[in-house]
Amino acid sequence: MYPGAIEAFDRAITADPGFALARAARAHALLERGDAAAARASMAAANSLAADLSAREASHVAFFDLLVAGEAEAALSALHTHLNAWPRDAVALATTAFTNGLIGSSGRAGQKRRLLELLDGLAPSYGDDWWFAAHHGMALSENGQRDAARPKIDRSLAQNP
């Protein structure tokens, strides 16, 4: 997770105590930091606010609920369903957009290929986004497609050194 992420989510929650998505993303950040108890508490708070969410928001919270609960297979399935409907949810995508993410740690055969297939499918939705280009470029490189990877990585670095 990015430095300062938990503090940023805390500020968002302070500004809007009913912001379920901030609580769900905070739960993931806490889990990555190794604080499973706090992650579960943050996720419980997100779930308690889920009744009035839009379909997109409810799907986002449901995905993070599975992820924080350690239900990796169900979370991966929910992530694919979520991204098919809302491909630009970069907060959800960030959980798997790198080689050690949800797909990379799934234990499934062909992890690098599966990640690249996911990112290839999402690429039209991200256009020239530097963050996506960096992850897509790395996935291409990890799959031996270095000539395709290089311009994406170079473009990403030029946009956000």
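Numbering of the sequence shown is given in my numbering, commencing with residue 556 and proceeding in unit increments. Ideal placement from N, C-alpha and C gives every residue a C-beta, glycine not left out.
My output table needs one value for residue i: the three-state DSSP class, helix, strand or coil.
i: residue 663; result: coil
i: residue 669; result: helix
i: residue 634; result: helix
i: residue 676; result: helix
i: residue 651; result: coil
i: residue 697; result: helix
According to the neighbour-count rule (16 or more other Cβ atoms, all chains shown, within 10 Å of its Cβ), is residue i buried or exposed?
i: residue 702; result: exposed
i: residue 632; result: exposed
i: residue 711; result: buried
i: residue 584; result: buried
i: residue 578; result: buried
Taking the alpha-carbon of residue i as reference, which of the options has the nearest alpha-carbon?
i: residue 716; options: 685, 612 and 704; result: 685
i: residue 624; options: 607, 635, 587 and 636; result: 587
i: residue 719; options: 594, 582, 604 and 590; result: For the chain, the structure presents residues 556 to 716; residue 719 sits outside this window and is missing.
Say whether chain B places a C-beta atom closer than 7 angstroms to the C-beta of residue i.
i: residue 635; result: In the structure shown, chain B cannot be found, because there is only a single protein chain.
Would you check if the stretch 681-691 and the stretch 640-656 touch, i.e. whether three or more CB-CB distances between them fall below 8 angstroms? yes
Report yes or no: do the stretch 650-666 and the stretch 606-615 share at least 3 C-beta pairs separated by less than 8 angstroms? no
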